[in-house]
Structures are given as structure tokens and as C-alpha cells.
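Q: The structure that follows is given in the form of C-alpha cells.
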Amino acid sequence: MRKIRIAPSILAWDMGNLREAAEIASRGGADQLHLDVIDGHFAPNITCGPGTVKALRKVSDLKFDTHLMIDQPEAYVEKFMEAGSDLLTFHAEVLDGKRFDKVASAVKAKGKEVGLAIKPGTELPKWATERLDRLSALIVMTVNPGFSGQTMDMGLMPKLERIAKLIEARGSGTDVEVDGGVEPENVMSVVKSGGNVLVAGAGVYSKQDPVSAISTLRERAEAARRGA
Ligand code: DX5
Ligand code: ZN
Numbered sequence: 133m134r135k136i137r138i139a140p141s142i143l144a145w146d147m148g149n150l151r152e153a154a155e156i157a158s159r160g161g162a163d164q165l166h167l168d169v170i171d172g173h174f175a176p177n178i179t180c181g182p183g184t185v186k187a188l189r190k191v192s193d194l195k196f197d198t199h200l201m202i203d204q205p206e207a208y209v210e211k212f213m214e215a216g217s218d219l220l221t222f223h224a225e226v227l228d229g230k231r232f233d234k235v236a237s238a239v240k241a242k243g244k245e246v247g248l249a250i251k252p253g254t255e256l257p258k259w260a261t262e263r264l265d266r267l268s269a270l271i272v273m274t275v276n277p278g279f280s281g282q283t284m285d286m287g288l289m290p291k292l293e294r295i296a297k298l299i300e301a302r303g304s305g306t307d308v309e310v311d312g313g314v315e316p317e318n319v320m321s322v323v324k325s326g327g328n329v330l331v332a333g334a335g336v337y338s339k340q341d342p343v344s345a346i347s348t349l350r351e352r353a354e355a356a357r358r359g360a
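Here the sequence shown is numbered in this note's numbering, starting from 133 and rising by one per residue.
Dropping the structure here:
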């Protein structure tokens, strides 16, 4: 069974002090740091670029899970890899099989991991289903991309379950990453529906004690696994 992993999303922290966001994630025992890259075209916000990733790389040893919510990922993928991203996740909405193959080869050639992401209203396209075995992670978004602090659409649980079962059947070990509105109150449903990587922005950084919020999410996720 795929391991439970907690991925705090720094988008929810003070953007003037991202080093602190990375430190909180490490202290809380997070498995990876979720970095949301938005270009103002694919989604209505503008966030961090390769420069931010490079600066954070100097102060953090965590795995950098880079969620590229941008229209032209090919134009920036090399820059993010050079900056220190470890997992590079592309949106299926902006690619097709041929473009994915090209960009995925470039990422793998550098020894990095490849992921795909889909928005709440997107079904996994056929070309992506055919390439599931090549993905380290599939991000199922449970809010529309753009901002931290939105409420998870629980109506997406059947879709998550369907995708998780498909991945399980392939036996490829691809992580099923759930992104958007993950909170202690819904993390058990998410895990029961097949999610194993839990991205949490507000669910970590808006809490009174963000360090212990990471353990709370992990404990509840593990409890859901045990059938509690
Ligand atoms: C949304 C981003 C998410 C978001 C998560 O566009 O992809 O990663 O920041 O934040 P919360 O957990 O607050 O929804
Ligand atoms: Zn994200």
C-alpha cells in the first residue's frame, strides 16, 4: 500500500517568510514541501518562480513537490529543475500525449520525478491513463486552482476513488496526491477514498500550532488506514 505522506503547501504562509514555512514543515516531520507555481493564465493568481525555489533549496532538505499550474510548462521546466525541484507535476489540461512524453523524458533525464495533475472538472484523459505507470504522482485537485484556504469539494470523493483504484490495479506505486482544502476534519474521508499524499495549506499553516497540525493530519490519515 502506498505510504501516507504529508505535503504542506507554503502558499498558505507569509510569503515574506517562506524560509519559516519550510522550517515548520521540517519540524513537523513533513515528507515533502508543496510549491504552487501559478502564472496568472492557467489560474487566477501569480505565485513563485524558479528564483523562489532556488532560495528555498538553500535552506531546506525536504523533497520539493512542484505543482506547475502554468500554461507553458516546457518553457520553465529546466529552470525549476536547476533551481532544485524534485518532483515536477504538470497539468493534464495543458498537455497532450506527445507533449507529455517530451517533457517527461527531459525530467527523467535529470533524475527527477514526473507527476500529472487534474482540476476538479477534468477527467483523466485517455493519453494520461495510458501513461499512469510513468508517473510518480497524480494530483487530484479538490478545489479550483489559484488560492489556498478554499473548501474541499467532497463531491469529488467518488472520482478520487475511481482514480485510486485504477492506479492500485496498475501496481505502479504512483502516489495519489490530493490537493485543495485538506483539513483534519476531512483527511480520513480522503484517505478512505484512496488518497495517500495529503497536500495541506490552510490545514497546516492557518492553525495555531502548524508544527503539530502536521502530526494531527498524519495521525488521522493513519487511523483511516487502520479502519478507525
Ligand atoms: C491551489 C493549490 C493548493 C493550495 C492548497 O491552487 O494548488 O496547493 O495552495 O491550499 P489549501 O490546503 O489551503 O487548499
Ligand atoms: Zn498545489
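Note that beta-carbon positions come from the ideal geometry of N, C-alpha and C, so glycine has one too.
For residue 186 versus residue 215, is the C-beta distance shorter than 9 angstroms?
A: Cβ distance < 9 angstroms, so residue 186 and residue 215 count as in contact.
Q: Can you check whether the CB of residue 200 is closer than 9 angstroms to the CB of residue 154?
A: For residue 154 and residue 200, no; Cβs fall outside 9 angstroms.
Q: Using DSSP with H/G/I as helix, E/B as strand and the rest coil, what is residue 279?
A: Of the three classes helix, strand and coil, the one that applies to residue 279 here is coil, per DSSP.
Q: Who are residue 195's beta bridge partners in DSSP?
A: Beta-bridge pairing links residue 195 to 164.
Q: Write down the C-beta distance between residue 310 and residue 336 rounded to the nearest angstrom, noting that I regard them as a contact closer than 8 angstroms.
A: That pair is no contact at about 14 angstroms.
Q: Is any heavy atom of the ligand ZN found at a distance shorter than 8 angstroms from the C-beta of residue 199?
A: The answer is yes for residue 199.
Q: Three-state secondary structure (DSSP) at residue 184?
A: Three-state DSSP puts residue 184 in a helix.
Q: Whose C-alpha, out of 271, 178 and 317, is nearest the C-alpha of residue 296?
A: Per the Cα distances, 271.
Q: Any idea which residues DSSP pairs residue 249 with across the strands?
A: DSSP, once it has assigned bridges, lists 223 and 271 as partnering residue 249.
Q: Excluding the five sequence neighbours on either side, which residues of its own chain have a C-beta within less than 7 angstroms of the C-beta of residue 274, listed in chain order?
A: Within the same chain, residue 274 has close Cβ partners 252, 284, 285, 288, 310, 311, 312 and 313.
Q: Could you compute how far the alpha carbon of residue 159 sits from the alpha carbon of residue 353?
A: Each residue's Cα considered, the two are about 19 angstroms apart.
Q: Which stretch, first to last residue, makes up the alpha helix (DSSP H) that contains residue 309?
A: Counting along the chain, residue 309 falls outside any alpha helix (DSSP H), though it belongs to the beta strand (DSSP E) covering 307-311.
Q: For the segment 295-347, list the alpha helix (DSSP H) runs that are entirely contained and at least 4 residues long, ordered along the chain.
A: 319-324 and 334-337, all fully within the segment 295-347.
Q: Between which two residues does the alpha helix (DSSP H) carrying residue 156 extend?
A: Start and end: 150-159.
Q: Does the beta-carbon of residue 171, which I'm using as the reference point, lie nearer than 8 angstroms to any heavy atom of the ligand DX5?
A: Not under cutoff, so the answer is no.
Q: Where residue 327 and residue 197 are concerned, what is the direct C-alpha to C-alpha distance, given to the nearest angstrom?
A: Approximately 16 angstroms between the Cα atoms of the pair.
Q: For residue 180 and residue 148, what's the separation of their Cα atoms in angstroms?
A: Whole-angstrom Cα-Cα distance: 12 angstroms.
Q: Let me check one thing: in DSSP terms, what residues is residue 171 bridge-paired to?
A: Note: residue 171 sits in a beta bridge opposite 178.
Q: Step through the CB atoms of chain D and report whether any lies within less than 9 angstroms of the CB of residue 255.
A: Among the chains of the structure shown, chain D does not appear; only one protein chain is present.
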